[in-house]
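Report on the following structure.
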Amino acid sequence: MQPFNLEMPRSIVFGAGALSRLPELAAGRGRRILLCTGPGWFARSAWKQRVLALLADYEVSVLPVAPGEPESGALEGLLAKARALHPQQILAVGGGSVLDSAKTLSALLPLPGKVEEYLEGVGKGRPIPGPGVPWLAVPTTAGTGAEATKNAVVRAGALGYKRSLRSPHLLASCILVDPELSRDCPLRLTGISGMDALTQLVESYVSRKATPVTRALARDAFPLMLRALKMLPARPEDLEARGAAAYGALVSGITLANGGLGAAHGFASGLGGMYEVPHGLICALLLRPVLRFNASAIREDCGRLLRCTEELDGPVAGSAADPVEWLQAEIDGLFRLYGLPENLKGFGIREADIPEIARRSSGSSMSGNPVEVPQSERERMLERLL
C-alpha cells in the first residue's frame, strides 16, 4: 500500500439546515468573533441577518472582504483592521475569496511582517510557525473547496504573481456546509465555481501526487458533481443538486490539499497573477487542452470516472468513444449550459505576454500533472485560447 498523509480540518458538519448549529460550533473559542464576508449576493440576502441572529450572544465585528481574489495589499489593510479588534475567533461566510482571506488573517494576526513575505516561491518564504486565531468556514458557493484546504491563494499584485500561503496551521477549526446557503447563488457564479470544483476532482484524481484515499474520494464525488452541474441551470433551487455540488466542492478541497492538482491549475497561477480572469474559468478553459495533452497517461483513469458516472446515472450516450473524449465533451456541454466564454479573447490578454504567463505557470500544481508540460506546449495551449 502506498504511504500517504491525510490532513483535514478537525470537524466537518454537513447538511441542509446545519447553519442552525453555528452557536454550538463557535462555543468555547471566545466571545469576540470577527465575521468575514464579501459584498456580493450573500451579504445582501436574509442569510447574513440569520447568521448575526444566531450569534446574538457573541460580540461580532463584521469585516467586509473586497470582491475578487485576495490581493496582498488589500489583505494588509484587513490585517490592520483585524488586529485593532483583537478577535478570539474568525468566522468566514462566503465564497473561496472570503475563505482564503479569513485563512490568511487567521495565520498572520499573531505574526510580524507583510503578507508577501509568507508566500511560497516569492518574497522571503517565511514559514507559519504555529496555529493562529481559530477560524470557522461556512462556504456559500460550491467551488474552490477552500474550506478544506491548508493554503490561501493570494495575488501579489506588485510582483505579478498568484501564489499560496501554505501550512497545516491554516486548516479550519471547523467547516459548516449547509447547501441551503447556495440556493440563491447566481447562475454564472454557480457555473464558474462548479467547473472549478469539477476540474479539481479530475486533476486530483489523475495527479502524480495522488494517494489511494484521495483517488477514492475524488472518484466517488466526480459523478455527483457532474450530475449536479447538469441539473442546476434548470433547477437552481433543487436542494438535492445543491447538496451534491456542495459535497463535490468539499471533497475537491480535501483531495487537492492531500493529492495535488495538475496543469490546468498551474495555468491559473500564472495567468491569474497577471490578468483579472476568474480562477474557475481559467481552470475549466485549460482543462480541455490539458486533457488532450495528457490523454495517453490518463485514459484508464478517465474510463474509471466514466464507469462511476454510468453506475450513478445509467449508460452514457457516446460512452463507447475514447473516455478522454467523453470527458472533454461533458465539459464542452457545461460551457454551453452556463453560457460561459469558451476562450480568453475578452480579457485583454496580450500575445506578447504568453511566454511569461507560461513561465509563471510553473509551481506545485504544474508539478503534479501526469505528464511534464514543456514551456513550448504551455505557450501553444494559451495561444489557441486567444
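Position one of the sequence shown corresponds to residue 0 (numbering that gives the first Met the number 0), numbered consecutively onward. We put the CB at the ideal spot given by N, CA and C, even for glycine. Small disclaimer: the values here were computed from a predicted structure and weren't measured.
Ranked by Cα distance from residue 283, the first of 337, 374, 152 and 233 is 337. Using a 10 angstroms sphere on the CB of residue 135, the tally of other CB atoms reaches 16 or more, which defines it as buried. Between the stretch 249-259 and the stretch 142-156 there are three or more C-beta pairs closer than 8 Å, enough to call the two in contact. If you draw a straight line from the Cα of residue 14 to the Cα of residue 110, it comes to about 35 Å. Here residue 62 really is in contact with residue 35; their C-beta atoms are around 5 Å apart, less than 8 Å. Residue burial is scored here from C-beta neighbours: residue 223 has at least 16 other C-beta atoms within 10 angstroms and is therefore classed as buried.
For the set 171, 107 and 126, the Cα lying nearest the Cα of residue 98 is the one of 171. Cβ-Cβ distances below 6 Å link residue 18 to 177 in the same chain, with the five nearest sequence neighbours on each side left out; the list follows chain order.
Across the structure, residue 104 and residue 65 are spaced so that their CA atoms are roughly 14 Å apart. With a cutoff of 8 Å on beta-carbon distance, residue 32 and residue 26 are scored as not near each other. Residue 0 sits exposed, since fewer than 16 C-beta atoms from the chains shown fall within 10 Å of its C-beta. In this structure, residue 248 places its C-beta atom within 8 Å of the C-beta atom of residue 196. Residue 152 and residue 162 have their alpha carbons spaced roughly 6 Å apart. Under the 10 Å beta carbon count, residue 300 is surrounded by 16 or more other beta carbons and is classified as buried. Taking the C-beta atoms as reference points, residue 71 is found nearer than 8 Å to residue 115. Short of 7 Å from the beta carbon of residue 236, and not among the five residues preceding or following it, lie these beta carbons of its own chain, in chain order: 182. Segment contact: the stretch 300-314 against the stretch 264-271, fewer than three CB-CB distances shorter than 8 Å; contact not assigned. By the beta-carbon neighbour count (other beta carbons within 10 angstroms, threshold 16), residue 292 is buried.
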